[in-house]
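Residue numbers (the working numbering): 1 to 277.
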């Protein structure tokens, strides 16, 4: 019997979590809360418009910890980090809400979104429609669907629910087979290429470059994970990738928004990004 990968453990936990949460808050109640939530801010459109101008469209991530790195940031105040990112030029935010493996929380998403005007994606592992309604009730503007965690039927179902409640979808792939499944199953314009293998947590930027020729021009390729320095950014821009999801590089820096500027807008580094003391 093989040992479960990190992703398999996370997915198993998500099914338990949905059962626990739905026992506390019914799906009907969650649907009511989702309908009452603030209008979505247009996550996909914000990225597409920025990338069209060949300017960095940065999804800046708010992440306290990860399974592979442990605690990444001790001084962790989501609202302050969100404001720092907005001042630093982020196009959108990503907020981890997974509790057990990333030390995230639903409240972090709410706090971050309330502090800024940027669209926000709920970064979690979606396995059930309940979580989609939950994301909208929390105020999320987009959800992540990870192809390696879903079969095609479930992926299509979750995307359909997301569309019904007004959420954009970012579909995440790691290899050619997953990309083919995503393109066949979903019509979302946002295709994220995770340079991190979620089974082994190894990272290679070549993953994006290898898959890029197979992503149709009408879709927006977003490179995720492993962007750590200016050379990494320039490598992607030379290959006409202008959309990025970055977390660790910012979270390890004393001033996340300033680090965002240094990486993506080095000619515009300004003093308006205040330190996070």
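Each residue gets a CB set at the ideal place from its N, CA and C atoms; glycine is no exception. Since this is a predicted model, take the numbers as computed values, not measurements.
DSSP lists 172, 222 as the bridge partner or partners of residue 192.
Exclusion of the five residues before and after residue 168 leaves 43, 44, 142 as the residues of its chain whose Cβ lies within less than 6 Å of its Cβ.
In this structure, residue 149 sits away from residue 120, with a CB-CB distance that is not shorter than 8 Å.
By the criterion of at least three beta-carbon pairs nearer than 8 Å, the segment 240-260 is in contact with the segment 50-67. When rounded, the separation of the alpha-carbon atoms in residue 14 and residue 113 is 24 Å. At least 8 Å separates the beta-carbon of residue 255 from that of residue 94.
The alpha carbon of residue 116 has as its nearest neighbour, out of 165, 92, 34, the alpha carbon of 92. Using a C-beta cut-off of 8 Å, the segment 63-70 makes no contact with the segment 154-168, since fewer than three inter-stretch Cβ pairs fall below that distance. DSSP, read as helix, strand or coil, puts residue 68 in coil. For residue 240, DSSP assigns no beta-bridge partner whatsoever. The residue from 236, 11, 136 with its alpha-carbon nearest to that of residue 224 is 236. In this structure residue 7 does not touch residue 137 by the C-beta definition: roughly 26 Å separates them, more than the 8 Å allowed.
A distance below 7 Å between beta-carbons, with the five flanking residues on each side excluded, links residue 207 to the following residues of its chain, in chain order: 174, 193, 195.
Residue 191 has its alpha-carbon roughly 10 Å from the corresponding atom of residue 146.
With a threshold of 16 other beta carbon atoms within 10 Å, residue 49 falls short and is exposed. Here residue 218 is exposed. Its C-beta has fewer than 16 other C-beta atoms within 10 Å. Scanning the segment 18-55 for uninterrupted alpha helix (DSSP H) segments of 4 residues or longer gives 27-36, 43-52, listed from N- to C-terminal end. Here the alpha carbon of residue 97 sits roughly 16 Å from the alpha carbon of residue 248.
Following the DSSP letters along the chain, one finds residue 83 inside the alpha helix (DSSP H) bounded by residues 78-88. Assigned with DSSP and collapsed to three states, residue 94 falls in strand. Within the DSSP bridge table, the entry for residue 122 names 95, 143 as partners.
Residue state for residue 212 is assigned as helix, using DSSP reduced to three classes. Closest in C-alpha terms to residue 151, from the list 200, 179, 221, comes 179.
Beta-bridge annotation (DSSP): residue 74 is not paired with any residue. Contact check for residue 104 and residue 257: beta-carbon distance about 20 Å, past the 8 Å limit, so the pair fails to qualify.
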